[in-house]
Amino acid sequence: MPDNAAAARYERFIQATEEIKVELGKKYRTNFTGFGAALHEARKRRQPVVSHNWDTLDVLISLRNVLQHSATRGGEAIAAPRQDTVDAIERIRDQIRSPTPIKDFAQTPLTLAPDDPLAAAAHLIVERNFSQAPVYDGSTYTGLFTTNAMARWLSRTLLDDELLLNAPSATVADVLKCAEEHERPIFRKPTASPLEACEDMAKSDASRPILVTTDGTDRGALQGIVTSFEIPRILHTLSFSLS
423 MPDNAAAARY ERFIQATEEI KVELGKKYRT NFTGFGAALH EARKRRQPVV
473 SHNWDTLDVL ISLRNVLQHS ATRGGEAIAA PRQDTVDAIE RIRDQIRSPT
523 PIKDFAQTPL TLAPDDPLAA AAHLIVERNF SQAPVYDGST YTGLFTTNAM
573 ARWLSRTLLD DELLLNAPSA TVADVLKCAE EHERPIFRKP TASPLEACED
623 MAKSDASRPI LVTTDGTDRG ALQGIVTSFE IPRILHTLSF SLS
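Structure, rendered in structure tokens:
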């Protein structure tokens with residue numbers, strides 16, 4: 423007699439793989455011959471969820487092939503996926519169908535203005551335990567204030583009598599002059615892939631934050647910030663392994 427629970431897991435697994443194939447077919451305007459073909463194409467095109475979870479998907483492709491090409495006996499399949507396997511394929515399907523956007527991982531940033539007194543800005547940075555903050559002149563982005571740039575400003579000030587004399591009146595704008603080329607944020611739209619954002623930070627400098635703006639440029643309105651501290655949470659949320 424067939425195991426009803428096992429049969430239900432089997433049906434859910436097969437249905438999820440078919441839905442993934444259909445979803446990717448719509449995305450790439452291709453009538454894929456099978457689940458594996460659809461995923462290989464998605465990987466080739468660097469679809470974030472597929473690429474990041476390829477080791478798991480490679481196993482699931484093989485499982486799908488075994489189930490598809492094996493005859494049933496007495497209405498019972500040769501094997502039934504475990505519950506964690508069904509959960510994994512359904513979560514991957516959901517992410518392919520409706521990806522979690524980067525805005526869901528963004529935090530409300532501390533922002534500074536160019537004419538903010540340096541002493542007040544430094545106090546905020548220390549108080550909130552931040553190492554960087556975007557600087558906006560009204561709605562216009564002007565730079566990224568970092569503790570590294572502040573350290574450079576301090577070093578230059580201590581070596582220059584004139585700068586030292588004017589130090590009490592220093593502003594955030596003075597520190598921005600000491601920022602280096604690599605101390606620039608990465609701008610992304612709210613709908614951008616969090617996994618691609620993790621790759622962006624890893625490829626450049628993990629200390630570079632992602633600034634989420636309405637249009638993905640420095641001209642858009644600021645929506646939030648994603649720093650390297652969010653990478654573990656992003657990877658944990660969007661990694662679907664088999665236990």
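Take 423 as the starting number for the sequence shown in my numbering and just add one per residue.
We treat Cβ as the ideally placed atom computed from N, Cα and C, and that holds for glycine.
The structure presented is a predicted model; accordingly, all values stated were derived computationally and were not measured.
inquiry  = Given a cut-off of 8 Å on the beta-carbon distance, is the pair Ala555 and Pro539 in contact?
reply    = No, they are not a contact pair.
ask   = Looking at Ile483 and Gly458, is the spacing between their C-beta atoms short of 8 Å?
value = Between Gly458 and Ile483, the CB-CB gap stays under 8 Å.
Beta strand (DSSP E) segment containing Gly646, residue limits = Segment Leu644 to Val648, the beta strand (DSSP E) holding Gly646.
request  = With Pro616 as the anchor, note down where its beta strand (DSSP E) starts and where it stops.
outcome  = Going by DSSP, Pro616 is part of no beta strand (DSSP E) but of the alpha helix (DSSP H) stretching over Pro616 to Lys625.
key: Stretch pair the stretch 466 to 476 + the stretch 601 to 619: three plus CB contacts closer than 8 Å   = The stretch 466 to 476 makes contact with the stretch 601 to 619, as at least three CB pairs between them are under 8 Å.
Extent of the continuous alpha helix (DSSP H) run through Pro654 = Unbroken alpha helix (DSSP H) run through Pro654: Ile653 to Leu660.
query = To the nearest whole angstrom, what separates the beta carbons of Ala677 and Phe567, a pair I think is in contact under 8 Å?
reply = As shown, the chain starts at 423 and ends at 665. That puts residue 677 outside it, with no answer to give.
ask   = What is the DSSP secondary structure of Gln554, counted as helix, strand or coil?
value = In this structure, Gln554 counts as strand in the three-state DSSP scheme.
inquiry  = Is it buried or exposed, His545, if we count other Cβ atoms within 10 angstroms and call 16 or more buried?
reply    = Looking at its Cβ environment, which holds fewer than 16 other Cβ atoms inside 10 Å, His545 is exposed.
query = Apart from the five residues just before and just after Phe609, which ones in its own chain have a Cβ nearer than 7 Å to its Cβ?
reply = If the five residues before and after Phe609 are omitted, its C-beta is found closer than 7 Å to the C-beta atoms of Leu633, Thr635, Gly638, Thr639 and Asp640, all from its own chain and listed in chain order.
request  = Please go through the stretch 513 to 574 and give each complete beta strand (DSSP E) segment of 3 or more residues, from N-terminal end onward.
outcome  = For the stretch 513 to 574, whole beta strand (DSSP E) runs of length 3 or above, ordered along the chain, are 554 to 559 and 562 to 568.
ask   = Between the stretch 505 to 525 and the stretch 566 to 581, are three or more C-beta pairs nearer than 8 Å?
value = Taking a cut-off of 8 Å for Cβ pairs, the stretch 505 to 525 and the stretch 566 to 581 do not touch, as fewer than three such pairs fall below it.
task = Counting only runs of 4+ residues fully inside the stretch 587 to 612, write out the alpha helix (DSSP H) ranges in chain order.
result = Counting only runs of 4 or more, we get 594 to 598.
task = Have a look at Leu660 and Glu652 and give me their C-alpha separation to the nearest angstrom.
result = Near 12 Å, if we compare the C-alpha coordinates of Glu652 and Leu660.
task = Report, in whole angstroms, the separation of the C-beta atoms of Ser650 and Ser629, which I expect to be a contact under 8 Å.
result = Sure, about 6 Å apart at Cβ, within 8 Å.
inquiry  = Which runs of the alpha helix (DSSP H) at least 4 residues long sit entirely within the stretch 452 to 497? Give them in chain order.
reply    = Counting only runs of 4+ residues, the alpha helix (DSSP H) found wholly inside the stretch 452 to 497 occupies 457 to 466, 470 to 474 and 476 to 491, in chain order.
query = How big is the Cα-Cα spacing for Pro523 and Gln645?
reply = Each residue's Cα considered, the two are about 13 Å apart.
query = For Leu580, which three-state DSSP category applies?
reply = Per DSSP, reduced to three states, the secondary structure at Leu580 is helical.
message = Could you compute how far the alpha carbon of Thr569 sits from the alpha carbon of Gly642?
response = Approximately 25 Å, taken between the alpha carbons.
ask   = Nearest CA to the CA of Ala535: which residue from Arg451, Leu479, Ala624 and Val594?
value = Ala535 has its Cα closest to that of Val594, out of Arg451, Leu479, Ala624 and Val594.
task = Using the DSSP secondary-structure output, state which residues sit across from Thr635 in a beta bridge.
result = Thr635 pairs with Leu644.
ask   = How is Arg434 classed by DSSP in three states: helix, strand or coil?
value = Note: Arg434 maps to helix in three-state DSSP.
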